[in-house]
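In full-length UniProt numbering, the protein residues as written are 1 to 342.
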Amino acid sequence: MAEILCSFNKDALTIKPPKKASFVLRLMLSAFAMACGIYICSICLKQMNLQNTNTFLLFEDFERPCYDTVVDRSQIPYLHYPKPKTFNRSECAGNPVRLFAIVSMQRSGSGWFETLLNSHVNVSSNGEIFGPKSRRDNASTIVKTLDKVYNLDWFTSSSKNECSAAIGFKWMLNQGLMQHPKEIIQYFNDRGVNVIFLFRRNMLRRLVSMLANVYDKEAKLLNGVHVSHVHSNEEASLLSKYKPKINVTSLKSDLRGMESTAVKALNYFNSTRHIIIYYEDLIKDPTKLVEVEDFLKLPQMNLTSQQVKIHKGALSEHIENFDEVNKTLSGTAYEKFLQADY
């Protein structure tokens, strides 16, 4: 019995080492399992991140505009997809918008021209937005205003914001445009803004229109109200009765200054995508408007305006001291302005 106990004790002693080895083995297996688990988890996390990245890229691809194959690839920089803060473009969000600016001088037909553009169902032109000085105090203020307009967050009676194919405004040369040409040119080129230069060849007629408009601001000939544009022949006839007297002493230098300003603007903004239109050409040949529609890549429409021209016929009927003006300009480069050109 003692021998059995002894042998049992010996067996017990011999069995203990395997138990210790088994514990170590289990510990190693646990460590290995943990390592495998960590490795598998890391692979899963990578796959999840890759899946999220792919989802994000797919979302970005969904958000990114898809250009129609018929679109001229050179036009892509001029296609914009605004995301206004003030409203949702809804089903028109995928419609590209082109940006434009009508660069002109007062009394050059820009108001009439803008009404023609706004008669197009896809165009929104918002008038002289830089009339108030507060919007053109400096380059930063100008850029801020431009961003608001071109993001479709500028509202006027002419706005067709949701489905506009072209959005723009009128910008007179004396409204900050010539004071900050470097910053504005950079903005136009960076944003792909299309510039429409609208000038008047006959600066003498422009001068007559300016003087008459200044007079009416004080006289208010139409029922005590000043208007820059009229919509009936009766109103036009009433306003045209005033004949301004022109200062012939400074006349030639005044005309020269107007032409110089226009030339300087063309030189400044020559690097932009632009078109040059003259008021006289539009008066004589309304089909010139097709060139503007093509320039903005718009579907062609019959453009109309309710505005009526005020000073019609020969200048001799609209200048009080026409004989002096005729004598002053005869034999000069400006003599051609005395002739009736439309």
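All residues carry an ideal CB built from backbone N, CA and C; glycine is no exception.
Setting aside the 5 residues that flank it on each side, THR304 is surrounded in the same chain by LEU116, SER119, each with a C-beta closer than 8 Å to its C-beta; the list follows chain order. Take the alpha-carbon of MET301 and the one of SER124: they are about 15 Å apart.
Taking C-alpha positions only, LEU338 is separated from LEU204 by approximately 8 Å.
Our two residues, PRO77 and ASN194, have alpha carbons roughly 11 Å apart in a direct line. Here the alpha carbons of GLY331 and ARG98 stand approximately 46 Å from one another. Taking all protein chains in view, the Cβ of ASP216 is crowded by 16 or more other Cβ atoms within 10 Å, so the residue is classified as buried. Going by DSSP, ILE167 is part of no alpha helix (DSSP H) but of the beta strand (DSSP E) stretching over 166-172. In the same chain as HIS226, and ignoring 5 residues on each side of it, the C-beta atoms closer than 6 Å to its own belong to ASP216, LYS217, LYS220, in chain order.
Just so you know, the alpha carbons of PHE269 and VAL263 end up roughly 10 Å apart. Taking a C-beta distance under 8 Å as the contact criterion, VAL248 and THR328 qualify as a contact pair. TYR334 and GLU324 have their C-alpha atoms some 14 Å from each other. When the Cα atoms are used, TYR150 and PRO82 turn out to be separated by approximately 8 Å. Around the C-beta of ASN88, fewer than 16 other C-beta atoms lie within 10 Å, and the residue is accordingly described as exposed. For ILE276, DSSP records a beta bridge to PHE197.
In the DSSP assignment, GLU91 falls outside any alpha helix (DSSP H) and carries neither an H nor an E. Shown here, ILE246 sits in coil according to DSSP, grouped into three states, outside any helix or strand.
Distances from the CA of THR86 to each of TRP154, CYS163, ILE129, GLN106 were compared; the closest alpha carbon is that of TRP154. In summary, ALA166 is buried, with 16 or more beta-carbon neighbours lying within 10 Å of its beta-carbon over all protein chains present.
The three-state reading of DSSP puts LEU222 in strand, counting E and B together.
Excluding its 5 nearest sequence neighbours in each direction, MET258 has C-beta neighbours in its own chain below 8 Å: MET105, MET203, ARG206, LEU207, listed in chain order.
Rounded to the nearest angstrom, the gap between the Cα atoms of ARG200 and LYS243 is 20 Å. Counting the other Cβ atoms within 10 Å of the Cβ of ILE277 gives 16 or more, which makes it buried. Considering only SER232, GLU235, LYS241, ILE275, the residue with the shortest C-alpha distance to LYS297 is ILE275.
The beta carbon of ASN122 sits closer than 8 Å to those of LYS160, CYS163, SER164, ALA165, ALA166, LEU298, PRO299, all from its chain and outside the five residues before and after it, given in chain order. Relative to the Cα of TRP171, the nearest Cα in the group PRO132, ASN267, LEU79, GLY192 belongs to PRO132.
Taken atom to atom, the span from the alpha-carbon of THR141 to that of ARG135 is near 6 Å. For VAL290, the three-state secondary structure derived from DSSP is helix. Cβ atoms of LEU177 and ILE184 come within 8 Å of each other, at about 6 Å. One thing to note: LEU173 has its Cβ no nearer than 8 Å to the Cβ of THR287.
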